[in-house]
Each structure stands twice: as structure tokens, then as C-alpha cells.
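> Structure incoming, see below.
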Amino acid sequence: LFIGTQTERIAERTVTIEGEVLSPGTYQYAENESIEDLVIRAGGLTDAASTVKVDVSRRIRDPKSTMPGKEISENFSFALKDGFVVDGEKGFVLQAYDVVQVRRSPGYMTPRSVRVEGEVAFEGNYTLSKKNQRVSDIIAAAGGVTNEAYVRGARLVRLISEEEMERLKSATS
Numbered sequence: 003l004f005i006g007t008q009t010e011r012i013a014e015r016t017v018t019i020e021g022e023v024l025s026p027g028t029y030q031y032a033e034n035e036s037i038e039d040l041v042i043r044a045g046g047l048t049d050a051a052s053t054v055k056v057d058v059s060r061r062i063r064d065p066k067s068t069m070p071g072k073e074i075s076e077n078f079s080f081a082l083k084d085g086f087v088v089d090g091e092k093g094f095v096l097q098a099y100d101v102v103q104v105r106r107s108p109g110y111m112t113p114r115s116v117r118v119e120g121e122v123a124f125e126g127n128y129t130l131s132k133k134n135q136r137v138s139d140i141i142a143a144a145g146g147v148t149n150e151a152y153v154r155g156a157r158l159v160r161l162i163s164e165e166e167m168e169r170l171k172s173a174t175s
């Protein structure tokens with residue numbers, strides 16, 4: 003028979019932070035810890051982090067319950083400014099086993115580029131400025147085609163990632 007100490011029981015309590023922080027993961031629970039404190043422990047926000055939507059999920063505890071309930075968690079949403087909560091429940095304190103989700107901003111885009119080779123004035127890589135940018139726009143940015151260009155024989159080669167390949171396979175299956 004092993005009877006643990008109160009200190010050992012407390013040491014097992016954790017909080018988790020996921021999403022757009024530098025070091026997402028599970029951390030030891032600390033009394034009176036705020037969302038801001040946990041974000042700092044996780045290394046701060048990434049450039050892709052949304053400051054208008056940070057969610058906290060909390061487990062439902064009802065030790066006097068005699069029947070299972072329909073709710074499986076309690077959810078809270080917050081907005082941050084300069085890493086501090088500005089919208090949401092004031093003075094919100096994390097509890098053991100809370101899960102904090104720092105969402106990715108829908109307005110954050112990583113630059114994408116294409117490579118233009120062959121009979122154009124300026125071969126090389128070109129960064130797209132819009133999602134729906136046309137090939138003709140890229141050729142214009144490359145200075146247009148040369149007098150030696152055979153436009154009808156042009157080829158468009160698109161390299162796809164492993165993830166895109168799997169998605170294509172599952173869509174055709």
C-alpha cells in the first residue's frame with residue numbers, strides 16, 4: 003500500500019497551451035496563473051498568433067453528480083493586446099488541467115513564390131502578391147517574353163507536397 007503526499011498530488015497537476023506560441027506544451031500548474039503568465043512561460047506569441055481569439059477549455063467537475071451530464075467542457079474566449087487580456091472575463095485565473103488554444107490569425111499568410119525560367123527578360127523567383135494571381139501577371143513581372151519565346155510551347159510545372167499528394171489521393175478514392 004502506497005499513500006502519496008499532498009505535494010506529490012499537486013505536482014501532477016498541469017495546464018496545456020497549444021497553437022501559436024513559441025513553445026507549446028504541457029506545463030506544471032501554478033496557483034493564480036493567468037493566461038498572460040502561461041503565454042510568457044510558453045515563450046510568447048508567434049507572428050502568426052491571433053490576438054482576437056484565444057480560447058480556454060476547462061474540464062467539468064461535479065463530485066456530487068449521480069448521472070453523467072451532456073457538457074464535456076466549459077469554454078472561454080479572450081482577446082489579447084500586447085500579450086494581455088483585454089476582452090473576456092476580467093481577472094480570469096487558470097485552473098489545473100485547463101487547455102489554452104492560441105489560434106492562428108486568418109490574416110497571416112506566409113509568402114509564396116514561383117520560379118520563372120526560359121525566354122523571359124528576367125528569370126528567377128517571384129513572390130505572389132495575391133492568392134489568385136495569374137501566370138500572365140508573373141510573366142509581366144519577369145519583364146515579359148523575349149523575341150525568341152515560343153509561347154504555345156510553354157509548360158507550367160507545379161510541384162506538390164506530400165500532404166497535397168495524400169489529399170489528392172483521398173479525394174479521388
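Numbering of the sequence shown is given in our numbering, commencing with residue 3 and proceeding in unit increments. For glycine and all other residues, C-beta sits at the position ideal for the given N, C-alpha and C. Keep in mind that this is a model prediction, so the values were computed, not measured.
(1) Please name the residue in E121, R15, Q30, V54 whose C-alpha comes closest to that of R105.
(2) Assign F124 to buried or exposed, taking buried as 16 or more other Cβ atoms, counted over all protein chains shown, within 10 Å of its Cβ.
(3) Might you give, ordered along the chain, the residues of its own chain that have their beta carbon closer than 7 Å to the beta carbon of R61, omitting 5 neighbours on each side?
(4) In whole angstroms, what separates the C-alpha of G145 from that of K92?
(5) At which residues does the alpha helix (DSSP H) containing S138 begin and terminate?
(6) For the candidate residues M111, T48, K66, whose alpha-carbon lies nearest to that of K132?
(7) Return the bridge partner residues of Q103 from the DSSP annotation.
(8) Given this structure, state the Cα-to-Cα distance separating E176 from S79, to the nearest angstrom.
(9) Taking the alpha carbon of S52 as the point to measure from, which residue in R169, K171, P108, T174 has its own alpha carbon closest?
(10) Mind checking which residues open and close the alpha helix (DSSP H) that includes S67?
(11) Exposed or buried, which one is G21 when buried takes at least 16 other CB atoms within 10 Å?
(12) Could you tell me which residues DSSP puts in a beta bridge with G45?
(13) I'd like to confirm the pairing. Which residues does DSSP put opposite E76 in its beta bridges?
(14) For the putative contact between I140 and Y128, defined by C-beta atoms under 8 Å, what is the C-beta separation to the nearest angstrom?
Straight from the coordinates:
(1) Distances from the alpha-carbon of R105 to those of E121, R15, Q30, V54 put V54 closest.
(2) Exposed, because fewer than 16 other Cβ atoms sit within 10 Å of the Cβ of F124.
(3) These residues qualify, in order along the chain: S75, Y99.
(4) Going from the Cα of G145 to the Cα of K92 covers about 56 Å.
(5) 137–143 is the extent of the alpha helix (DSSP H) around S138.
(6) Considering only alpha carbons, the answer is M111.
(7) In the DSSP assignment, Q103 forms a beta bridge with E20, D57.
(8) Residue 176 cannot be examined here, being either before or after the span of the chain that is shown, 3 to 175.
(9) Comparing Cα-Cα distances from S52 to each of R169, K171, P108, T174, the minimum goes to P108.
(10) S67: not part of any alpha helix (DSSP H); DSSP gives it neither H nor E.
(11) By the neighbour-count rule (16 or more Cβ atoms within 10 Å), G21 is buried.
(12) According to DSSP, which records beta bridges pairwise, G45 is partnered with nothing at all.
(13) Answer is R60, bridged to E76.
(14) 5 Å between Cβ atoms; contact.
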